[in-house]
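Worksheet for the structure shown next.
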């Protein structure tokens, strides 16, 4: 059971020696994650021993994450990944540089991974692999890619059932208020 504390410790990030950190961790498991076709983080826990054996050789992760959407509905028009191929495991190579401990999960070690082909080359539709490819291409041009994100959204007091009953029209705002420059909402 996860502890109630969310207090980070000095050793939570970065993990200076990721393998040693996992070996000495009190947790018997490691959290690993990949990005799906939409960039959503998908993950699972590996037993500490399985993680350590995957450091060099990688581990299997179901390729369904490239064949479904954010709601886990399977795409019916996919050709590379799809139900017609049976959603086998694909190989994931751990990115040890992403290691950290998760404060709100009893400081369990956490790592990201990248999908690779059987020969170790980047899996072509893996979002992290695509990003690495774009960065390398930019660097060859003498450009350092930079990114700024701006998140904007509205919060509504709807459930999936109430939203369906309204047929996706006229959602009830979660809170009243001013909405400067908004073309969508007024007072």
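Numbering (this note's numbering), first residue to last: 79 to 265. The C-beta atom is built at its ideal place from N, Cα and C for all residues, glycine as well. Predicted model, so just to flag it, every value in this text is computed and none were measured.
How many angstroms separate the CA atom of residue i from the CA atom of residue j?
| i | j | result |
| --- | --- | --- |
| residue 251 | residue 187 | 39 Å |
| residue 106 | residue 162 | 36 Å |
| residue 136 | residue 226 | 32 Å |
| residue 123 | residue 108 | 5 Å |
| residue 104 | residue 179 | 11 Å |
| residue 219 | residue 118 | 29 Å |
| residue 81 | residue 126 | Note that residue 81 scores a pLDDT of 48, beneath 50, so its modelled location is shaky; the value from the coordinates is reported in the next line. For residue 81 and residue 126, the distance between alpha carbons rounds to 19 Å. |
| residue 79 | residue 184 | Residue placement at residue 79 is poorly supported in this model, since its pLDDT is 48, which falls under 50; the coordinates are not used for a value here. |
| residue 202 | residue 253 | 43 Å |
| residue 236 | residue 150 | 21 Å |
| residue 238 | residue 120 | 22 Å |
| residue 221 | residue 245 | 47 Å |
| residue 169 | residue 247 | 43 Å |
So is residue i buried or exposed if we call it buried at 16+ other beta carbons inside 10 Å?
| i | result |
| --- | --- |
| residue 97 | exposed |
| residue 157 | exposed |
| residue 148 | exposed |
| residue 155 | exposed |
| residue 101 | exposed |
| residue 159 | buried |
| residue 175 | exposed |
| residue 243 | exposed |
| residue 195 | exposed |
| residue 216 | exposed |
| residue 95 | exposed |
Could you check how far apart the C-beta atoms of residue i and residue j are, in whole angstroms? I think they sit under 8 Å.
| i | j | result |
| --- | --- | --- |
| residue 200 | residue 211 | 7 Å |
| residue 249 | residue 229 | Contact flag wrong, Cβ pair sits at about 19 Å. |
| residue 167 | residue 189 | Actually they are not in contact, since the Cβ atoms of residue 167 and residue 189 sit about 18 Å apart, beyond 8 Å. |
| residue 198 | residue 93 | With 8 Å as the limit, residue 198 and residue 93 do not qualify as a contact, their Cβ atoms being about 24 Å apart. |
Using a threshold of 8 Å, state whether the C-beta atoms of residue i and residue j are closer than that.
| i | j | result |
| --- | --- | --- |
| residue 145 | residue 165 | yes |
| residue 114 | residue 152 | no |
| residue 193 | residue 110 | no |
| residue 191 | residue 207 | no |
Taking 7 Å as the cut-off, is the beta-carbon of residue i closer than that to any non-hydrogen atom of the ligand SAH?
| i | result |
| --- | --- |
| residue 208 | In the structure on display, the ligand SAH does not appear, and there are no ligands present to speak of. |
Taking Cβ positions only, does residue i come closer than 8 Å to chain B?
| i | result |
| --- | --- |
| residue 241 | This model lacks chain B altogether; it includes just one protein chain. |
(message) To test your reading of the DSSP string, which unbroken alpha helix (DSSP H) runs of 4 or more residues are found completely within the segment 177-237?
(response) 205-218
(request) Run through the segment 90-157 for me and flag every whole beta strand (DSSP E) of 3 or more residues, listed as ranges in chain order. (result) Here the runs fully enclosed are 107-113, 119-125 and 137-140.
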